[in-house]
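*Asks:*
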Amino acid sequence: MGVGIEVKNLNAWYGQTHTLRDINLTIPANSATALIGPSGCGKSTFVRCLNRMHETNPSARVEGMVKVGDIDIYNDAAPVEIRRRVGMVFQRPNPFPTMSIYDNVASGLKLNGFHNRKVLDEVVERSLKQAALWNEVKDDLKKKSGASLSGGQQQRLCIARALAVDPEVLLMDEPASALDPASTSKIEDLIFELKDEYSIVIVTHNMQQAARVAENTGFFLNGQLVEFAPTSTIFTKPHDKRTEDYITGRFG
Amino acid sequence: MRIKFHQNLDGLKERLLVMAGLAEQAIQRATEAYRTRDFSLCDLVFQSEPAINRMEREIDEMAYELLATEQPMAIDLRFILAVIRINADVERVGDQAVNIASRAVEMGTHSNIDLPVDIPKLASLAQAMVRKSLQSFIEADAEMARSVLTMDDEVDAMNKAAYKALTEMIQVQPELTPQALNVLIIARNLERVGDHATNIAEDVIFWVQGSDVRHSGPIPRDVP
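Line by line, the protein sequences are chains A and B.
Residues 1 to 252 in this note's numbering are what the first sequence lists, from first letter to last.
Residues 1001 to 1224 in this note's numbering are what the second sequence lists, from first letter to last.
Quick look at the structure:
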């Protein structure tokens, strides 16, 4: 099951650049939350702070508290454990190119020490089914490489790979921006399915996509969270003039 | 910046105001025809109706195209939704003008008598409501739009008073029933014009402030 995320006074830096300023936010469990805002506003940095990816950059620094479920991720657990609980899917599909479809999905489990063939088979099948890819690849699991799939299939493979380690939260950083409309629809349908079992945070530049898939939406600008509200409010009657100006294309 | 989109929104507003100008003029001519018995004005009202109807379709098409191609949000979305609704109300104002003009022509076939209803005053109030509601649309002024809502009470009260006076007159002087019925219908048409102005004002409030104030007043009883 998904868990909620609580963020308190979160600040982040790249070197001297203060990229996130005093973010306070509660993301509900088992729902999709969209983050929107112009390029460079801090939304991607924010999601990278939710699974401790931000600190993989040597010049990066984080202050504040992030709780995923009951776990204070900067104090109670190791980064590797956090990244297992909080999976991530990126803008460009990034399957391991030389690995088979099967090994791509199983890679996370293998890294965590699972080698029981029966368990791996079950997890690979379940994850590919959850990612709505099973029917398209089940006959070629070990014959074809991840890189041989279409862009949309590769992205669903990456989602399957993220799901295989049984996360509680799934972060998606513009997961459909490199895909055609049909593949985008599949990813969006998938988000609908997955939020019953996971909490999903999706960064997107496509505001219609945010409006379609997310229960709540946050608008970031210049490293600040300007507004966080039910999606229907953000896109029909936002409270903050800056939100309205952004989503109506008056700037950004 | 979505410059072309915002220019298209301005174009939509401008087109709606041109149509509203025709509808306003039609109401003014129809009531003037009643007052002066100059029935050539009624012909002008009848001639303007097809143009108003054509513009209604054209404005709807412009709005649908913007919805489909621009996928507007927030205040822009509310604006286009408001325009679609205002468009329908303005067209109905044009229809009421045609109804009033038809009644005025019918009145011309009967002798001119004094009737216990001040139609010019009622018409002037209803027209003021239409003018103010459209002004609030031009200026995106929700407060001005709210003031239209209160004006509707007076128009309703005058329509009710007309109904009472005319039904009493029919009982006392049944030979004047045709004239009384015509005036009753004209009063009702003008009351409907006030209702359309109220709708337009409510749509302006929705557009500017995002609040839906429709059906939030007291429910009218014993409406004639």
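The C-beta atom is built at its ideal place from N, Cα and C for all residues, glycine as well.
1) Let me know the alpha helix (DSSP H) ranges lying completely inside the segment 1034-1108 of chain B, each 4 residues or longer, listed in chain order.
2) For B:Gly-1210 and B:Glu-1065, I'd like the C-alpha separation in whole angstroms.
3) Would a check of beta-carbon distances place B:Val-1210 closer than 8 Å to chain A?
4) Per DSSP, which residues does A:Val-89 bridge with? Please list them.
5) So within the segment 91-144 of chain A, which uninterrupted alpha helix (DSSP H) runs reach at least 4 residues, ignoring any that extend past its ends?
6) Quick one: give me the first and last residue of the alpha helix (DSSP H) that A:Tyr-246 is part of.
7) List the residues that DSSP assigns as beta-bridge partners of A:Ile-5.
8) Buried or exposed for B:Arg-1054, please, with buried defined as at least 16 other CB atoms from any protein chain shown within 10 angstroms of its CB.
9) Compute the Euclidean distance between the alpha carbons of A:Phe-96 and B:Glu-1202, then round it to the nearest angstrom.
10) For A:Ala-131 versus A:Leu-190, is the C-beta spacing smaller than 8 Å?
11) What residues in its chain sit with their C-beta under 8 Å from that of A:Tyr-246, if we drop five residues either side in the sequence?
12) What alpha helix (DSSP H) runs, 4 residues minimum, are completely inside the segment 1143-1214 of chain B?
13) So B:Asp-1076 contacts chain A; which residues on that side make the cut at Cβ distance below 7 Å?
14) Would you kindly check if the distance between the Cβ of B:Ala-1033 and the Cβ of B:Ala-1104 is under 8 Å?
15) Write down every uninterrupted run of the beta strand (DSSP E) in the segment 200-240 of chain A whose length is 3 residues or greater and which is fully enclosed by it, in chain order.
16) CB A:Gln-91 to CB A:Asp-173, shorter than 8 Å?
17) Can you say whether A:Asn-135 is buried or exposed, counting buried as having 16 or more other CB atoms within 10 angstroms of its CB?
18) Using alpha carbons as the reference points, say which of B:Asp-1010, B:Gly-1021 and B:Pro-1116 lies closest to B:Asn-1182.
19) Do you know how far the Cα of B:Ser-1040 is from the Cα of B:Ala-1023?
20) To be precise: take each residue of the segment 1063-1074 of chain B, compare its Cβ to all Cβ atoms of chain A, and keep it if any distance is under 8 Å. Which residues remain?
21) Kindly indicate which residue of B:Ala-1126, B:Arg-1214, B:Leu-1016 and B:Thr-1109 has the alpha-carbon position closest to the one of B:Pro-1178.
*Replies:* Well, looking at it:
1) Every unbroken stretch of the alpha helix (DSSP H) spanning 4 or more residues and falling wholly within the segment 1034-1108 of chain B is given here in chain order: 1040-1070 and 1074-1107.
2) Near 22 Å, if we compare the C-alpha coordinates of B:Glu-1065 and B:Gly-1210.
3) For the sequence presented, residue 1210 of chain B should be read as Gly rather than Val. Taking 8 Å as the CB threshold, B:Gly-1210 lines the interface with chain A.
4) A:Met-172
5) 101-111, 117-130 and 134-137
6) Going by DSSP, A:Tyr-246 is part of the alpha helix (DSSP H) stretching over 241-247.
7) A:Ile-27 and A:Val-68
8) B:Arg-1054 comes out exposed.
9) 58 Å
10) Closer than 8 Å, so yes.
11) Ile-36, Gly-37, Pro-38, Phe-219, Leu-221 and Gly-252
12) 1177-1209
13) Thr-248
14) Their beta carbons are under 8 Å apart, which means B:Ala-1104 touches B:Ala-1033 by this criterion.
15) 216-221 and 224-230
16) yes
17) exposed
18) The residue with the shortest Cα to Cα distance from B:Asn-1182 is B:Pro-1116.
19) Computed Cα separation, rounded: 17 Å.
20) Gln-1071, Pro-1072, Met-1073 and Ala-1074
21) B:Thr-1109
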